[in-house]
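Just so we're aligned: the sequence shown equals residues 1068 to 1549 in our numbering.
C-beta atoms are modelled at their ideal positions from N, C-alpha and C, and glycine is treated no differently.
Quick caveat: nothing in here was measured; it's all calculated off a predicted structure.
Worksheet: one structure, shown below.
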Amino acid sequence: MSDNGTFENDAIGDQGPPPGTTENGHQPNEQASDVRNERRTRNLLGLVRGGWEVVGHVVRKAPEAGGGVVAVAPASANDYDILDDSPSPDDLSRDATKWARRRDIPLAIIAWVGVLFIVFTAAGHISRTIILLVLAALLAYALAPAVAFLERWMPRFLATLLMYLVVLTVLSGLVYFIVSAAVDQIKLLSAFITSFLSPKSGNSSLAPLLKLLQPFGITSTQLSNLGDQLASQMTGLAGGIVPFLTEFFNVILDVILTAILSIYLLADGARVANWLRVNTPRGQRGRVRFLLNTLQRIVGGYIRGQLLLCALIGVLVGIGMTILHVPYALLLGVLAFVLEFIPVLGTLISGAICVLLALTQSWLIALIVLAYFVGVHIIEGDVVGPRIVGKAIGLHPVVSLAALVAGAELFGIWGALFASPIAGVIQAFLVAIWSEWRETHPQEFQRAKDAAFDKLEQNVANKEVGQSHEREGQEENERLLS
């Protein structure tokens, strides 16, 4: 098509030597023939595509006014570059980016799985140390507001020591009076259980238990055998007094270490937090502040609120059982205080124990105790709990219960105790990540918002059209009737 025949040669292809020979005059092999055929096919497809582009170029250059002969603008060399199938640099860069992303995502997942495996394996070997540090941190968070209040009149270290002396004095007094009374009641309870399960004693309080168990085929002889087994097991426990004392002293040592660690954390915690806020890279300071504030709000609020709630439930149970003349009321109050640390299930367990002990008195007292615990559970779950603990954590009861089950399954009793605050922290971080992603990708939410508004407008328009048709139908019916 051009003077020098460039377009013609490009369209037809590089003819090369005459058919049937190679450049050296020899017969071509089958592979060379396939290559030549593929080249001709590609050139023909390029010619068709080039013709289509020329037609599009003519249409674009045509004047909008009708009539007359359409003048075809002279085409540039780019309009006839129909055989250049090589990708552009932008396409190569885009493909390289996609490949890098597809390669890096699996590698990142594998790396994070490896890191988590190493962390959990190491945590399993130093679980006792981690538990002590966590308990010390929780105690420090619980006492932080009181220390901050005393810090107005004295140095922080002295305020910390004074606060711990006050707490130690109060706890010592409570432990002395409660434990001494609880030990006496435990002795009475063990003696009562032995006599309660033995029909030979002629105890009149045995009747409610027999009436309860007779429909299930349990006789007094079986109860007597059960009592003998319990007595023999209680006797066998005396041989394990040495391991018990060893474990008891280990617990005392852990309590002392926890107190010492919490003193240092409480005395220097604010200094460490300020250092992190100041020395963190500028781009990460907002995240560090959010982390520290979240821990202070959720963990500290949970510990303080949970202690207050446990004390309230323990007092209510102790007073209620005393008024209803349920035996071992003080011991039941202490048990309710301890079990209240278990979310959702603590009150149910303590209530079941109190109802069982109330059965030794009469069915009426047992029903009254059951109704009383229903009221206590309502106060805990609907009145006091959401305002004290729920406000600090911000967890739905279903999420809290799921976290409790998962924590107990993974880490036992410690996992159950710390499941709620950990779930609250995770929820706060997920909400923060989601909010940050929304701020960095506003177009996604704007598109969804526009689609929702369009759908709403369409529904309104359809409703108006339907109402208009309905009115027209009513008018037509009225016209026909008239």
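With a threshold of 16 other CB atoms inside 10 Å of the CB of residue i, please say whether the residue is buried or exposed.
i     : result
A1215 : exposed
L1402 : buried
L1550 : The first residue shown for the chain is 1068 and the last is 1549, placing residue 1550 beyond what the model contains.
P1464 : exposed
T1227 : buried
V1136 : Reliability of the predicted coordinates at V1136 is poor, the pLDDT of 45 falling under 50, and the value obtained from them is presented with this limitation in mind. Counting Cβ neighbours within 10 Å, V1136 comes out exposed, since fewer than 16 surround it.
S1429 : exposed
S1069 : In this predicted model, S1069 has a pLDDT of only 45, less than 50, meaning its place in the structure is not dependable enough to derive any value.
P1173 : exposed
L1235 : exposed
G1474 : buried
S1487 : buried
G1353 : exposed
L1406 : buried
I1176 : exposed
Y1243 : exposed
A1052 : Nothing about residue 1052 can be read from this structure; the chain reaches only from 1068 to 1549.
V1366 : buried
V1182 : exposed
I1380 : buried
V1393 : buried
G1368 : buried
R1371 : buried
G1479 : exposed
V1237 : exposed
F1579 : In this structure the chain extends from 1068 to 1549, so residue 1579 is not present and cannot be described.
A1189 : exposed
L1232 : exposed
A1178 : exposed
F1184 : exposed
I1386 : exposed
I1193 : exposed
For the alpha helix (DSSP H) containing residue i, list its first residue and its last residue.
i     : result
V1405 : 1396 to 1406
H1444 : 1430 to 1445
G1448 : G1448 -> no alpha helix (DSSP H), and no H or E assigned at all.
L1217 : 1194 to 1217
L1415 : 1413 to 1425
Report all residues from its chain with a CB closer than 8 Å to the CB of residue i; omit the five preceding and five following residues, and keep chain order.
i     : result
N1091 : Any answer about N1091 is weak, because its pLDDT of 46 lies below 50 and its placement is not dependable; what the coordinates show is given next. For N1091, where only same-chain residues beyond five positions count, there are no Cβ hits under 8 Å.
L1391 : A1425, I1432, I1435, V1436, Y1439
V1451 : L1376, L1379
Looking only at its chain, what residues have a beta carbon closer than 7 Å to the beta carbon of residue i, apart from the 5 residues adjacent to it on each side?
i     : result
F1357 : A1499
L1374 : A1209
A1204 : L1332
G1482 : G1474, A1475
L1328 : L1199, L1200, A1203
T1389 : A1396
L1462 : S1487, A1490, G1491, Q1494
L1383 : V1443
Please list, in chain order, all residues of the same chain as residue i whose beta carbon is under 6 Å from its beta carbon, the five residues on each side excluded.
i     : result
T1347 : V1355
Q1525 : none
T1414 : H1444, E1447
L1563 : The chain is shown from 1068 up to 1549; residue 1563 falls before or after that span and cannot be answered.
L1437 : V1422
V1201 : none
M1230 : L1210, A1213, V1214
Problem set entry | 4 or more residues per run - each alpha helix (DSSP H) lying fully within the region 1346 to 1397 | 1352 to 1361, 1368 to 1390
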